[in-house]
Amino acid sequence: MRRLVLQLLQRIAPRSGASCRRAPRWYPLLLALALLLVPLAGAQAQGVELSQLQLRRVDGGLTLDYNARLNLTPQIEEALQRGVPLYFTAQAQLLRSRWYWRDERVARIARSWRLSYQPLTASWRISLGGLSQVYATLSEALAPLSRVSGWRLADAGTLEPGERYQVEFSFQLDNSQLPRPMQIDLGGDWKLGIERSIKVD
Numbered sequence: 001m002r003r004l005v006l007q008l009l010q011r012i013a014p015r016s017g018a019s020c021r022r023a024p025r026w027y028p029l030l031l032a033l034a035l036l037l038v039p040l041a042g043a044q045a046q047g048v049e050l051s052q053l054q055l056r057r058v059d060g061g062l063t064l065d066y067n068a069r070l071n072l073t074p075q076i077e078e079a080l081q082r083g084v085p086l087y088f089t090a091q092a093q094l095l096r097s098r099w100y101w102r103d104e105r106v107a108r109i110a111r112s113w114r115l116s117y118q119p120l121t122a123s124w125r126i127s128l129g130g131l132s133q134v135y136a137t138l139s140e141a142l143a144p145l146s147r148v149s150g151w152r153l154a155d156a157g158t159l160e161p162g163e164r165y166q167v168e169f170s171f172q173l174d175n176s177q178l179p180r181p182m183q184i185d186l187g188g189d190w191k192l193g194i195e196r197s198i199k200v201d
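Going letter by letter, the sequence shown gives residues 1 to 201 in our numbering.
The structure is reproduced here in structure tokens:
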């Protein structure tokens with residue numbers, strides 16, 4: 001978006017030495033619109049984009065697949081480069097609809113990854129529970145937590161025939177595990193997360 005607006009402005013802008021009166025009448029309006037869109041395009045480039053969220057029935061149970069694209073802000077990447085570990089959490093809960101009360105939670109699963117930078121080896125480490133893996137680049141390190149398939153949500157017999165179910169999914173940067181001095185004044189650049197709901201067929 002930003003590149004397209006800038007290219008359009010360059011094409012219709014008055015040539016050097018040409019009179020400004022020859023510029024189209026709507027040029028100032030387009031210029032004002034461009035000034036509004038350029039920062040907006042930059043803001044939309046950060047955050048979490050969920051390209052896939054799918055439920056599958058396997059052996060009578062229910063599994064979850066998701067694919068997310070993480071766009072870290074410069075502030076988050078700078079904190080990582082300075083040695084601050086970050087925690088990302090994905091969770092899903094299976095809810096049974098009830099007309100007489102709030103929905104009943106039937107099952108819940110959660111995973112938490114720890115992402116850290118190793119300056120001595122210029123490498124990135126992802127830890128999940130007691131397991132850890134080292135990667136050469138940040139994009140490679142983000143891949144295991146941004147794409148998960150076959151995540152077991154419910155075993156066979158959990159879903160009762162005739163009942164209505166839905167799954168609530170969330171993925172976020174867990175700011176509660178940041179060092180306490182950093183938690184005092186966190187701005188919007190540190191809000192990284194997404195929530196989605198999907199019905200069980």
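Using N, Cα and C, we set each Cβ at its ideal position, and we do this for glycine too. Computed from a prediction, not measured in an experiment: that's the story for all the values here.
Whole-angstrom C-beta distance between residue j and residue i, which should lie under 8 Å
{"i": "GLU104", "j": "LEU115", "result": "Rounded, the Cβ-Cβ distance is 34 Å, inconsistent with contact."}
{"i": "SER123", "j": "TYR135", "result": "7 Å"}
{"i": "ALA92", "j": "LEU153", "result": "6 Å"}
Where the beta strand (DSSP E) containing residue i begins and where it ends
{"i": "LEU55", "result": "47-58"}
{"i": "GLN177", "result": "Counting along the chain, GLN177 falls outside any beta strand (DSSP E), and DSSP gives it neither H nor E."}
{"i": "LEU192", "result": "First-last for LEU192: undefined, no H or E at that position."}
{"i": "ASP65", "result": "61-71"}
Which listed residue (the options) has its alpha carbon closest to that of residue i
{"i": "LEU70", "options": "LEU145, ARG102 and TYR135", "result": "LEU145"}
{"i": "GLY129", "options": "LEU120, SER112 and GLU140", "result": "SER112"}
{"i": "ALA68", "options": "VAL200, SER149 and GLN118", "result": "SER149"}
{"i": "THR89", "options": "ASP201, SER170 and SER197", "result": "SER170"}
{"i": "GLY187", "options": "THR73, GLY162 and LEU86", "result": "THR73"}
{"i": "VAL48", "options": "MET182, VAL200, LEU173 and GLN177", "result": "LEU173"}
{"i": "THR207", "options": "GLY83, GLN54 and SER97", "result": "Residue numbering for the chain in the displayed model covers 1 to 201; residue 207 lies beyond these limits and cannot be assessed."}
{"i": "THR137", "options": "GLN118, LEU131 and ILE198", "result": "GLN118"}
{"i": "PRO161", "options": "GLY61, LEU178 and GLU140", "result": "GLY61"}
{"i": "VAL167", "options": "ARG196, SER51 and ARG147", "result": "ARG196"}
{"i": "ARG125", "options": "ASP201, LEU64, GLN183 and TYR87", "result": "TYR87"}
Identity of the residues DSSP links to residue i by a beta bridge
{"i": "ILE198", "result": "VAL167"}
{"i": "ALA154", "result": "LEU62"}
CB contact below 9 Å: residue i versus chain C
{"i": "ALA110", "result": "No chain C is present in this structure, which holds just one protein chain."}
| message | Give the list of continuous beta strand (DSSP E) stretches no shorter than 3 residues that lie fully inside the stretch 76-151. | response | Taking only runs of at least 3 residues, the beta strand (DSSP E) segments lying wholly in the stretch 76-151 are 86-96, 104-118, 123-128 and 131-135.
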